[in-house]
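First residue of the sequence shown? That's 5 in the working numbering, and the numbers climb one at a time after it. Just so it is clear, CB atoms sit at the ideal spot from N, CA and C, and this is done for glycine as well. On a predicted model such as this, the values are computed, not experimentally measured, just so you know. The next block holds one structure in the form of structure tokens; read it before the comments.
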Amino acid sequence: MATEKMGFNSTVIHGGGASDPLGSAVTPIYQTSTFIFENADHGAACFSGESDGYIYTRIGNPTIRDLEKVIAQLEGGYDGIATASGMAAVTTVYAALLSQGDHMVSHNAVYGPSRGVMDSVFSRFGIQSTYVDATDINHVKDAIRPNTKLIYLETPANPTMGITDLEAVCKLAKAHGIKVCVDNTFCSPYLQRPLEYGADIVLHSMTKFINGHADVVAGMLVTSDKELYQQLRTVLVNMGGNMDPHQAYLARRGVKTMGIRIDRAQESALRIAEWLEKHPKVEWILYPGLPSHPQYELGKKQMKGPGCMISFGLKGGLDAGKILMNNVKLAILAVSLGGIETLIQHPASMTHSKLGPAKRAEAGISDGLVRFSVGIEECEDIIHDLSQALDKIPG
Ligand code: LCS
């Protein structure tokens, strides 16, 4: 059982909170849809809230609770809500906090579908949204309207690596009575804890660094506010975006190595970024650990480390990028990120293709942008792989 005093790498292992009556050291998979009541009164007490007994897996399950509690501990929040995917977490936040006629301000370079679902679904219910370059607080300030209820951020943003000043935005939002949700997927709680800066909700695609093994799709919400927690929980339970116990078990196992995985990948990412920055075929690079990153100092202030994600462009634009992606041998050409294996992808034709050219341009997602998620392989092997693939680009 975790205590307040435990460090991160102890909490990932000993945190959480499920207790198995048979004493298993690892929280088992409670692969059941429903739970037996001792008698009619117990059933009634579970439903009324007098008893915290389990009822039905969409509402709660011990394997899932263990995961929710450990992530809440790691983020420094009151409690967590596990979701079927990162997108289920995003839509739960939108549905819980925004009603007809309300307005949301968001960063223009968030994960494509986080914006896409607002434009294509929530807008049909009379919800308005404005997307700005939130790396400049003035843009956020100017976008606030009397009906703004939510500021939705991603920092560093996917895939531009733009860093938003969490403390400044949260202060601004509080002054206007607006809730702030921060997608912390690119950092994980190991590198950034948005609740400490005043965010109301932290959101994760646990598909990425938290699970870390490219074998689970999952999401999580954490808040410090009990009332907000109930509001989010009610929407999730009623809309059915809950996690499955087997998914929770796998994600909980991934959590245990989060710190050491990120330490190793991050060390390589810095070396790779420094190497890429000097490479004659690389036109530009965005990595929070390089002094050339536009928000380098801010990143150092609010992140414990620069992370494992690199975005870069090649001289020769998209054509050169295609040659690179078609010639890497160790790096896998695939979307997603944050796993133990190094991944390479092209946002304009893949993760952010549905945004269309105008919205991508506005968000700074150029056609030549290549996104690189550094894994835990030998750093020399990753550099060797990139080097041989870059050599295939003419010129
Ligand atoms: N938030 C961020 C920052 C993401 O990168 C993703 C997925 C999501 C939310 C949604 O999470 P999911 O439902 O997939 O668990 N990002 C992806 C990406 O960049 N490539 O493929 C998926």
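Three-state secondary structure (DSSP) of K145: Taking the sequence shown and counting its residues from 1, one reaches residue 145 at position 141. Helix, per DSSP.
Cross-strand partners of G84 (DSSP beta bridge): The sequence position of residue 84 within the sequence shown is 80, counting from 1. Partner(s): V226.
Let me know the secondary structure DSSP gives N162 once reduced to three states. Residue mapping note: residue 162 aligns to position 158 of the sequence shown, counting from 1. In the structure shown, N162 sits in coil (DSSP, three-state: anything other than H, G, I, E or B).
Which class does N331 belong to by DSSP, given the choice of helix, strand or coil? Along the sequence shown, read from residue 1 onward, the residue named residue 331 stands at position 327. Reduced to three states, the DSSP call for N331 is helix.
Taking the alpha-carbon positions, what's the H250 to I63 distance? Here residue 250 refers to the residue found at position 246 when the sequence shown is read from its first residue. Here residue 63 refers to the residue found at position 59 when the sequence shown is read from its first residue. H250 and I63: Cα-Cα distance of roughly 16 Å.
Assuming K153 and M108 make a contact with CB atoms under 8 Å, what is their CB distance in whole Å? For the purposes of this step, residue 153 is taken as the residue at position 149 of the sequence shown. For the purposes of this step, residue 108 is taken as the residue at position 104 of the sequence shown. That pair is a contact at about 7 Å.
Taking 7 Å as the line, does the beta carbon of E79 fall inside it for any heavy atom of the ligand LCS? Numbered from 1 along the sequence shown, position 75 holds the residue referred to as residue 79. No; taking the cut-off as 7 Å, the Cβ of E79 has no heavy atom of the ligand LCS nearer than that.
Alpha carbon to alpha carbon, what distance is there between G90 and I205? By 1-based counting over the sequence shown, the position of residue 205 is 201. By 1-based counting over the sequence shown, the position of residue 90 is 86. Whole-angstrom Cα-Cα distance: 14 Å.
Closest Cα partner of G317 within the set T346, K282, G311: Looking up residue 317 in the sequence shown gives position 313. Considering only alpha carbons, the answer is K282.
What's the gap between the Cα of G422 and the Cα of A269? The chain is shown only over 5 to 399; residue 422 falls outside these bounds and no answer can be derived.
For H111, write down the residues that DSSP places opposite it in a beta bridge. By one-based count along the sequence shown, residue 111 stands at place 107. Under DSSP, the beta-bridge partners assigned to H111 are V136.
For M5, collect the residues of the same chain with a Cβ closer than 6 Å to its Cβ; drop the 5 residues on either side in sequence, then sort them by chain order. The sequence position of residue 5 within the sequence shown is 1, counting from 1. With a pLDDT of 48 at M5, under the threshold of 50, the modelled position of that residue is not reliable, and no figure is offered here.
Let me check one thing: in DSSP terms, what residues is V30 bridge-paired to? Within the sequence shown, the letter at position 26 stands for residue 30. The partner list for V30 (beta bridge, DSSP) is empty, contrary to what the question assumes.
Figure out for me which residue from L280, M307, K396 has the closest Cα to the Cα of K326. Numbered from 1 along the sequence shown, position 322 holds the residue referred to as residue 326. Selected option, being the one with the closest Cα: K396.
Would you mind sorting K183 into buried or exposed? The rule is 16 or more other CB atoms within 10 Å of its CB. Residue numbering aside, residue 183 sits at position 179 when the sequence shown is read from its first letter. Looking at its Cβ environment, which holds 16 or more other Cβ atoms inside 10 Å, K183 is buried.
Enumerate, from N- to C-terminal direction, the unbroken alpha helix (DSSP H) stretches of 4 or more residues contained entirely within the stretch 189 to 216. Complete alpha helix (DSSP H) runs here, min 4: 192 to 195.
Is S118 near the ligand LCS - that is, is its Cβ less than 7 Å away from at least one heavy atom of it? Your numbering for residue 118 matches position 114 in the sequence shown. True, at least one ligand heavy atom lies under 7 Å from that Cβ.
State the start and end residues of the unbroken beta strand (DSSP E) segment that holds R128. Working through the sequence shown from its first residue, we reach residue 128 at position 124. Note, R128: premise wrong, no beta strand (DSSP E); not H, not E.
Provide the residue span of the alpha helix (DSSP H) that contains S391, from first to last. For this step, residue 391 is matched to residue 387 along the sequence shown. Counting along the chain, the alpha helix (DSSP H) containing S391 begins and ends at 383 to 394.
G342 to S124 span [Cα, whole Å]: For the purposes of this step, residue 342 is taken as the residue at position 338 of the sequence shown. For the purposes of this step, residue 124 is taken as the residue at position 120 of the sequence shown. Between G342 and S124, the C-alpha separation is close to 28 Å.
Using CA atoms only, rank isn't needed, just tell me which of Y253, P160, R375 is closest to L322. What you label residue 322 is simply residue 318 of the sequence shown in a count that begins at 1. Ranking Y253, P160, R375 by Cα distance to L322 puts R375 first.
Using the C-alpha atoms, what's the distance from G399 back to A222? For this step, residue 222 is matched to residue 218 along the sequence shown. For this step, residue 399 is matched to residue 395 along the sequence shown. Each residue's alpha carbon lies about 43 Å from the other.
Counting Cβ pairs closer than 8 Å, one from the stretch 159 to 171 and one from the stretch 97 to 115, do we hit at least three? These segments touch.
In the DSSP assignment, find the unbroken beta strand (DSSP E) run with G286 in it and report its ends. Your numbering for residue 286 matches position 282 in the sequence shown. Residue identity differs from the one stated: residue 286 is Val in this sequence, not Gly. If you look at V286, you'll find it in the beta strand (DSSP E) that goes 286 to 290.
Burial state of S4, where buried means 16 or more other Cβ atoms lie within 10 Å: As shown, the chain starts at 5 and ends at 399. That puts residue 4 outside it, with no answer to give.
Check K319 in the structure and name its three-state DSSP category. Taking the sequence shown and counting its residues from 1, one reaches residue 319 at position 315. Note: K319 maps to coil in three-state DSSP.
What does the alpha-carbon distance come out to for the pair L302 and V173? Position 298 of the sequence shown, counted from the first residue, corresponds to residue 302. Position 169 of the sequence shown, counted from the first residue, corresponds to residue 173. Between the alpha carbons of L302 and V173 lies a distance of about 13 Å.
Local conformation of Q349 per DSSP, three classes: As a first step, residue 349 must be located in the sequence shown, where it is residue number 345. The answer is strand: DSSP assigns Q349 an E or B state.
For the alpha helix (DSSP H) holding R257, just list the boundary residues, first then last. Here residue 257 corresponds to residue number 253 of the sequence shown, with the count starting at 1. Membership of R257 in the alpha helix (DSSP H) is indicated by the continuous run 249 to 259.
Report yes or no: do the stretch 42 to 53 and the stretch 259 to 275 share at least 3 C-beta pairs separated by less than 8 Å? No, the stretch 42 to 53 does not touch the stretch 259 to 275.
When you compare only the Cα positions, how much space is there between F213 and C191? Within the sequence shown, numbered from 1, the residue matching residue 213 stands at position 209. Within the sequence shown, numbered from 1, the residue matching residue 191 stands at position 187. Cα to Cα, the separation comes out at about 8 Å.
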